[in-house]
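Q: Protein chains in written order, with this note's numbering: chain U, 1262 to 1636; chain H, 118 to 431; chain G, -1 to 317; chain X, 296 to 809.
Note that CB positions come from ideal geometry on N, CA and C, so glycine has one too.
All of these numbers come straight from a predicted model, not from anything done at the bench.
Pasting in a structure now, in structure tokens, and then I'll have a few things to ask.
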Amino acid sequence: MSNIPAIDRNSRWKTIRREVGRAVGALAIALLVTFIVVLLTSKAPLEAITQLLTAPASKPRTIGLWLDDVAKLTITGLAFSLVFQARQFAMGVQGQVYIGALAASYVALSPLGASWAGIPLGITAAMLAGAIYGFLPGIAKAKLGANEIVSSLMLNYIAIEVCNFLVRTSLPKPQPGVLTTNDFPDSAVFPQLIKFDGLNVTRLDLGLVFALIAVLVVWFALYRTSWGLKLRLVGHNARFAEYSGIKATFIMVSAMTASGALGGLLGSMFVQGQGYGKLTVLFEGGLAFEGILVAIVARSRPLAVPIVALFYGYLRQGAQLMNIRTDVPAEVIGVVTAIIILLVSSSFSLNFITRLFKRSPAPAAAPATVGGAAK
Amino acid sequence: MMELLITVFSATFFVTIIRTTTPLLLATLGGLIADLGGALNVALEGMMLIGCLTAVIVSVYAPWYVAVAAGLGAGALLGLIMAFFAFRLKADIILVGFAINILAAGGTVFALAIATGGDKGTSINLQSKAVPAVDLSFLSAIPGIGPVLKSFLSGHSVLSWLAAFLVFAVWYFLYRTPWGLWLRGVGEYPAAPEAAGIPVNKIRTLSLVVSGALAGLGGAQLAMFNYVGFTRDMTAGRGFIALGAVLLGARHPVGALLAALLFGAFEALAVVMPGLFNDIPAELIRMIPFVVTIAALVLFSIRAQRALALRGVK
Amino acid sequence: QEYTKDNPLKVALVLHGTLGDKSFFDDAAEGMKTAQAELPVTVKIIELGYDRSKWQAGLADAADSGYDVIIAGTFDMTGYIVELSPEYPDVKFIDFDDAPDYSACECKNVLGVQYTTAAAGYLAGFAAAKISKSATLGTIIGMEFPTVTDFKTGFDQGAKAANPSINILNAVAGSFNDPAKGKEIALAQINQGADVVFPIAGGTGIGSLQAVKDSGKLAVGVDSDQATIFASSDPAQADVIFTSVLKKVGHSLNLALKGTLDGTAPYGSRQLLGIKDGAVGIAKNAWYEKLVPADVRAEVDAIEAKIIAGEIEVATDMK
Amino acid sequence: MALLEAIGIGKTYPGGVVANDGVNLVIEPGEVHAVVGENGAGKSTLMKILFGIEQPNAGTLLLDNRQVHFSKPREAIDAGIGMVFQHFSLVPSFSVYENVVLGSEPRAGIRLDRQKAIAEVQALSDKFRLKVDPLPPVGSLPVGQQQRVEILKALYRNARILILDEPTAVLAPQEVQELFVAIRSLVAQGKTVIFIAHKLPEVLEISNSITVMRQGKTVGQVKTKEVTEKSLAAMMVGREVSLRVERKPTEQTERVASVSGLRIVNARGTEVVAGLDLNVYAGEIVGLVGVEGNGQAETLEAIAGLRQVAAGDIVVANQNANPLSVLQRRGLGLASIPEDRIAEGLSTGSTVAENLVATRLNDSRYVRGGLLDLKAIKANAQKLIERFSIRVGGPGSAVGTLSGGNMQKVVVARELSEQPKLLLVNQPTRGVDLGATQFIWRTITDARDKGAAVLLSSADLSELLALSDRLLVLYRGKIVAAFLNTPDLTPETLGTYMLGLSTQTADEMQAALK
Ligand SMILES: Nc1ncnc2c1ncn2[C@@H]1O[C@H](COP(=O)(O)OP(=O)(O)OP(=O)(O)O)[C@@H](O)[C@H]1O
Ligand SMILES: Nc1ncnc2c1ncn2[C@@H]1O[C@H](COP(=O)(O)OP(=O)(O)OP(=O)(O)O)[C@@H](O)[C@H]1O
Ligand SMILES: [Mg+2]
Ligand SMILES: [Mg+2]
């Protein structure tokens, strides 16, 4: 019996080594593909690839952009990880981002926004609004069995339209008809973490701190609280959870709600961050959905999410800067991203989402173990 | 209000609904086939978009039916690629689907630029062809109802008639042929067909190929009839709406038809409404299909729950 | 500093979208091409794509990359230009189709170039109302912001001047790239009696033009001379576009660069360009000659003169 | 001359588990050949190799003395081998005939020829005495009938050799007998049957010869006539085993649970429990006897709070339990061992430690202020692993990596780690080998001896007779007979009531109902 913890630790190291090996392999594939595509489309491929690999880290400003992306990708990755762990396929982060951003904007543009309360209240309002927006498909599923994929996708579209509508009609604007609100007062905009000679050179703001806090909070909630254990049990086997006396529906709804709060937080990070400091229609540009990729590559592990986001964010920024600075057209970036996702997901097959949709009751192929051989 | 009612019950409105419904219906049928085979095809949007572009480009050089076939073939090829990554390389099928959508969004613009010699927005420099409308003017010769019949039935796209036929064909395939049985078996409980010696992965692959083909056909209708030509992102979310229509249609071809018609009708309504009510905000009108989907989903679910409750289960 | 072919002015045109819209961005790029041929400048066109979160970063990167002049357009980019311009005092910024609020910012190195398209819209609206048989016109708007609605404001005013009882249908598509929807909206308007349609909706409007072609009605093009664009690929389409309301972005940018080179460009203020600057207008091409009767053409010319002379006041959304 | 022969089969799974290690098997034509062995001995693996699902690393297969190699099931099917899996391969929403013909459908043009398919299924079912209605969806049938569908599937494909992997584990005694009738009729018509089971009496009854496996090796092959239950068990386990439990006489005092007028309706709208009354007292085991699907499982689920009741009262520890949640009932001292350990008894993706506290997440020993006490949880797991001798790498191993028997031990350990007041047990030893069965039986009787009231449902009559103090026979959701367990109570007596052939009067039941 005494040697059992040793076995445990051993196998944990093995797992970590395997996962890291996979990540490195995926990175290598991604770079290889990019090289090939760039070679085919660029007249100065060497220059393009140099930009891709070095541009994000080349200046404080670009490092700021990269880390800002990492913060946002981390939050959306966490939001998806939470619902994935509960085995819900809610796709509503995008909608929550818009609703959260709206709530934050109303606070920021109100008299409160000009006071010290602008930031804390804006974030709180955004998280509350996002939570409510995440709660809706959750409760519809729990009480009525309404498919959460469809309802959350539809709620995304609705949120975007609501945002368009309110920005156009009700929020204060610098001039009539434009689809952007007034700039928020400085007290409602996240302060920059690092300044250079008073210049506005880095976008890096308080959002990064929130992202790191969120990682720890989500990790703690999932692995150190009974709610988290219940959530993971529900995710693994909802029937067993019910049998154990866990209110599976409550857990599902609360997971979606918590994930919604994260989505809302991301909304506030967008509009109250240095990147905007105001609300604009369609401000999110599809980043919320990239959380799916981050969560899946991180296997829904909160501590792995920021690491994946760090790498993915670098690639994302590098591709963007390569597009700006060289002759590689923007569309090629899309093609490269797609191919990378295809290749990376091939080695990173997380079976669980597939299993969600295969209505096969077959349980996960459990890895062969010491236990089996010992008999 | 009166005006709206008159519009809604007019033949032109009916023709509009059929037109807006057709691409959606074809994609929905595609989604249905994949779904019954056990794969959620989130790539319908990308498959439609690539179907659009392929059909448009091919129609410049070939007759319309070859172009339609090319759109269909492009969708099928994407289905094959999806199956390859998902089943052979064991990639997550949702991720593969998203990747195909991203590929389509960038790839179509890139390919369009090559085909037109630099245009990244639209294909207006290409002389693309249209799918012909089926002219049933002779119906008006029928005394009495003839003119009414003609105004309702004439002028639809060939592909609209094909789509209507496909609803029946898909139903027949699913519920009357052995292969339909295989497909449904693979989707519901793959271990069973596996043990019966049915090549499960081959069936799944084929279902994605057919799914892609139908989405590609929907794309051809969109780019060769609803609008003749290609513009970037011209599918504008129709693939995702089709995904909703599959579930809304209770995973049955007739349900798919009804769901697609519902969305088609709302798309048509959203088009005529601003002309009639200038003061309704456009955003609210555009929200209608999404609100309706959720409402329908909730109503369906409430009905299902109530049916259970009536039997005393809950 | 003197700029020569060997030591050219380095210019970056930063587009918050991509080329290929067949109107706005393409026209700007066209102007750059002319500039490059005529002036000692080199131009790099940077397409940032449609993801808004990348626009600010893209503009900043361009400012950071050693260009002498950065050109970007519309309200979407103005805020970023205002933010960046003080940080790069040696770089010049041209903000086209919008201008910063000079009273509220230190924008000494920013040149705002704005257009009042209402006046040109007025001319098109007048002609449209005159040639409409059903006395019903349709306008289709991509999204509602001033640079778009300004076309319509003038168009409506012109149409009412020609025929006070004219009926103008209007729809907002909500998108600049859903041609199928644009087509449906135009068909709906035609069904409700419209026989002249004026789509101000980018790619969506291309679909509307197709509906007009299919039902044998008439249309007004927007931004660039759309009849000419279609002339070679789709003559039937060109044949229904009796004129286009032109916003000559490329032309005005070319002038702005020229002004930059010889030091006459009024950086630190905005230029409001209108019909009398030749920056906007309607396309008086072969189709216009063919489809608009001579007497109407004469009236339009007279009105144009009056507008330039300030005798007719055209309302505008551009403040 | 042997019909099918496996020589020196070796199979190592990718993870390094050696499942077969030089296994030999000789099947004569026209016999029923049993393969026995403990959990994990490698029986299923060997069968999967014969059927082409797994590929051996070593050894050869001879069919009709010719060497064969099956790389997929289709090839084995074509060679005349059919297999019925421990877990059925049926599509639940498909009708019986659709499931039978799936993959080899009769066709009329491109259409599936429904009439012909139904007729063929009907004919087969008549010929081999496997009675089943071709039309209803398979999901609505009891397991016994589903199994017949599986056998029909193999026969429809002209199987000469039929492999049945643990076919009796899920069957009621009468169904077992019906299965044996069908097997004999198969053999009479020239088929050969390979039969795997854990219950030795069944093996002795049906087979002609027996191959015994232990730890991936064949221990030997014997003629059934030449062995006894005892000698066979010794061969399997390598030591003597006895399957007898000593039950102390009970002194029942306090009524722990009672159910009155219970009615339950299932999702399809049929009434599965129709007015049930029963009482359970501290220190007794009450056995619920019945063919599967007569309301035993539903009754247990209703008492546990896992199923909505249409009418009736449930009282646990003198409290009206109707409005109470699962957790509140557990708080009253209720514990429950469910029928299907993988589907509802465990979370196979979670660790052993997590599974062992899953029902105690409100307990301040493991959770304080909503936070987990990981140390206490781990200590609890280590304690239980030791006490219930669960074979596992450690508290942190995923349950999914355990064998079936060990998984069941995890469930039992969790439920009996603390003395329950009321214990609900459903199929505690299904598919579990002799050693583990013995252990689980002893654990349950220990709980009883310490004062637990136990409600036990099992498809295995010998289990019910071995453990119960009282037996209640359920038929169509009603109690039709009640007995005190005396040595002269036989399975046959119970059987007549189980099948609804006769019903006791209220007076007859009185004594055993209490
Ligand atoms: N797919 C697999 N991958 C890895 N190991 C496996 C696999 N299937 C079985 N094993 C291992 O092979 C050994 C033999 O398993 P097998 O299923 O053949 O046993 P069995 O005799 O059928 O047991 P039981 O009586 O419990 O059904 C076990 O140790 C098991 O852990
Ligand atoms: N894919 C797999 N990978 C690793 N081990 C496996 C796999 N499938 C099954 N096993 C192991 O095989 C062993 C026996 O498998 P089997 O399915 O025959 O279970 P069992 O012990 O018979 O239990 P039961 O039949 O009661 O469910 C178990 O140890 C199980 O953990
Ligand atoms: Mg087995
Ligand atoms: Mg077993």
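1) When the Cα atoms are used, what is the spatial distance from Ala708 (chain X) to Val438 (chain X)?
2) Assign Ile405 (chain X) to one of two classes, buried (16 or more other C-beta atoms within 10 Å of its C-beta) or exposed (fewer than that).
3) Are the Cβ atoms of Leu298 (chain H) and Leu407 (chain X) separated by less than 9 Å?
4) Within the chosen definition, does the region 1415 to 1428 of chain U reach the region 1352 to 1362 of chain U through at least 3 CB pairs nearer than 8 Å?
5) Looking at chain U, is there any beta carbon in it that lies within less than 9 Å of the beta carbon of Gly180 (chain G)?
6) Between X:Leu729, X:Val581, X:Ala638 and X:Pro782, which lies nearest to Val749 (chain X) when the distance is taken from Cα to Cα?
7) Quick test of the definition: if touching needs 3 or more C-beta pairs under 8 Å, does the region 420 to 429 of chain X touch the region 383 to 394 of chain X?
8) At a Cβ cut of 7 Å, what residues of the region 463 to 475 of chain X count as close to chain U, listed as they run along the chain?
9) Measure from the C-beta of Tyr1537 (chain U) to each C-beta in chain G and report whether the shortest distance is under 9 Å.
10) How about Ser1366 (chain U) and Asn657 (chain X): do their beta carbons lie closer than 9 Å?
11) Could you say if the region 94 to 108 of chain G and the region 120 to 136 of chain G meet the contact criterion of at least three C-beta pairs nearer than 8 Å?
12) Checking contacts by CB at 9 Å: is Ala313 (chain H) closer than that to chain X?
13) Would the beta-carbon of Ile1602 (chain U) fall within 9 Å of that of Gln1581 (chain U)?
14) Here's the rule I'm using: 16 or more other beta-carbon atoms within 10 Å means buried, otherwise exposed. How should Ile259 (chain H) be labelled?
15) Does Lys267 (chain H) have its Cβ less than 9 Å from a Cβ in chain U?
16) Against chain U, with Cβ distances strictly below 9 Å, would Leu7 (chain G) count as a contact?
17) Check the DSSP bridge columns for Gly110 (chain G) and list the partner residues they point to.
18) Grouping DSSP H, G and I as helix and E and B as strand, with all else coil, what is Ile310 (chain G)?
19) So with CB distances below 8 Å, who are the chain C contacts of Met351 (chain H)?
20) What whole-angstrom Cβ distance do Asp744 (chain X) and Lys543 (chain X) have, given they're in contact under 8 Å?
21) How is Val248 (chain H) classed by DSSP in three states: helix, strand or coil?
22) Chain X partners of Glu305 (chain H), CB-CB under 9 Å?
23) Within 10 Å of its beta-carbon, does Tyr292 (chain H) have 16 or more other beta-carbons around it, so buried, or fewer, so exposed?
24) Looking at the C-beta of Ala230 (chain H), does it have a partner C-beta in chain G at a distance below 9 Å?
25) Are Ala597 (chain X) and Ile559 (chain X) close, meaning C-beta to C-beta below 9 Å?
26) Out of curiosity, what's the CA-to-CA distance linking Leu1405 (chain U) and Ala1351 (chain U)?
27) Would you list, in sequence order, the uninterrupted alpha helix (DSSP H) runs of no fewer than 4 residues that lie entirely inside the region 1338 to 1364 of chain U?
28) Determine whether the beta carbon atoms of Val604 (chain X) and Leu557 (chain X) lie at a separation below 9 Å.
29) Relative to the alpha-carbon of Met165 (chain H), which residue among H:Met351, H:Leu414 and H:Ala382 has its alpha-carbon at the smallest distance?
30) Take Pro370 (chain H) and list the residues in its own chain whose beta-carbon comes closer than 6 Å to its own, dropping the five residues that flank it on each side.
31) Using a Cβ-Cβ distance cut-off of 9 Å, determine whether Thr322 (chain H) contacts chain X.
32) Closest to Val415 (chain H) by CA distance: which of U:Arg1493, U:Val1285 and U:Ser1413 is it?
33) What are the uninterrupted segments assigned as beta strand (DSSP E) that are 3 or more residues long and contained completely in the region 484 to 570 of chain X, given in chain order?
34) Write down the C-beta distance between Leu195 (chain H) and Ile167 (chain H) rounded to the nearest angstrom, noting that I regard them as a contact closer than 8 Å.
35) Per DSSP, which one or two residues make a beta bridge with Ser242 (chain G)?
36) Which chain H residues are close to Glu1422 (chain U), counting only those with a beta carbon under 7 Å from its beta carbon?
A: In short, the structure shows the following:
1) Straight across, the Cα-Cα distance linking Ala708 (chain X) with Val438 (chain X) is about 28 Å.
2) Exposure of Ile405 (chain X) is indicated by the presence of fewer than 16 other C-beta atoms within 10 angstroms of its C-beta.
3) Yes, they are a contact pair.
4) Cβ pair count under 8 Å is three or more, so yes.
5) With 9 Å as the cut-off, Gly180 (chain G) does not count as an interface residue toward chain U.
6) Comparing Cα-Cα distances from Val749 (chain X) to each of X:Leu729, X:Val581, X:Ala638 and X:Pro782, the minimum goes to X:Val581.
7) Flag = yes, the region 420 to 429 of chain X and the region 383 to 394 of chain X touch.
8) Correct list: empty, as no residue qualifies.
9) Closer than 9 Å: yes.
10) Contact flag unset, no.
11) They do not touch, by the three-pair rule.
12) Yes, its Cβ sits closer than 9 Å to a Cβ of chain X.
13) At a Cβ-Cβ threshold of 9 Å, Ile1602 (chain U) and Gln1581 (chain U) do not count as neighbours.
14) Looking at its Cβ environment, which holds fewer than 16 other Cβ atoms inside 10 Å, Ile259 (chain H) is exposed.
15) With 9 Å as the cut-off, Lys267 (chain H) does not count as an interface residue toward chain U.
16) Not closer than 9 Å to any Cβ of chain U, the Cβ of Leu7 (chain G) fails to qualify, so no.
17) Per DSSP, G:Asp93 and G:Arg268.
18) It is coil, neither helix nor strand.
19) Of the chains in the structure shown, none is chain C; the protein chains are U, H, G and X.
20) About 6 Å; that satisfies the 8 Å criterion.
21) In the three-state DSSP reduction, Val248 (chain H) falls in the coil class, being neither helix nor strand.
22) Against chain X, the beta carbon of Glu305 (chain H) has neighbours under 9 Å at Val386, Pro387, Ser388 and Phe389, listed in chain order.
23) With fewer than 16 neighbouring CB atoms inside 10 Å of its own CB, Tyr292 (chain H) falls in the exposed class.
24) True, the Cβ-Cβ gap to chain G drops below 9 Å.
25) In contact: Ala597 (chain X) and Ile559 (chain X) (Cβ atoms closer than 9 Å).
26) If you take the alpha carbons of Leu1405 (chain U) and Ala1351 (chain U), they lie about 15 Å apart.
27) Whole alpha helix (DSSP H) segments, 4+ residues: zero.
28) For the pair Val604 (chain X) and Leu557 (chain X), the CB atoms are nearer than the 9 Å cut-off.
29) Out of H:Met351, H:Leu414 and H:Ala382, H:Met351 has the C-alpha closest to the C-alpha of Met165 (chain H).
30) Spatial neighbours of Pro370 (chain H) in its own chain (CB-CB distance under 6 Å, excluding positions within 5 residues in sequence) are listed in chain order as Val284, Val287 and Trp288.
31) Using a CB distance cut-off of 9 Å, Thr322 (chain H) does not count as an interface residue toward chain X.
32) Closest by alpha carbon: U:Ser1413.
33) Considered as a whole, the region 484 to 570 of chain X harbours 487 to 491, 504 to 509, 512 to 518 and 550 to 560 as its complete beta strand (DSSP E) runs of no fewer than 3 residues, in chain order.
34) Between Leu195 (chain H) and Ile167 (chain H) a beta carbon distance of about 6 Å is seen, short of the 8 Å cut, so the two are scored as contacting.
35) Beta-bridge pairing links Ser242 (chain G) to G:Gly219.
36) Within 7 Å Cβ-Cβ: Glu400, Arg403 and Met404.
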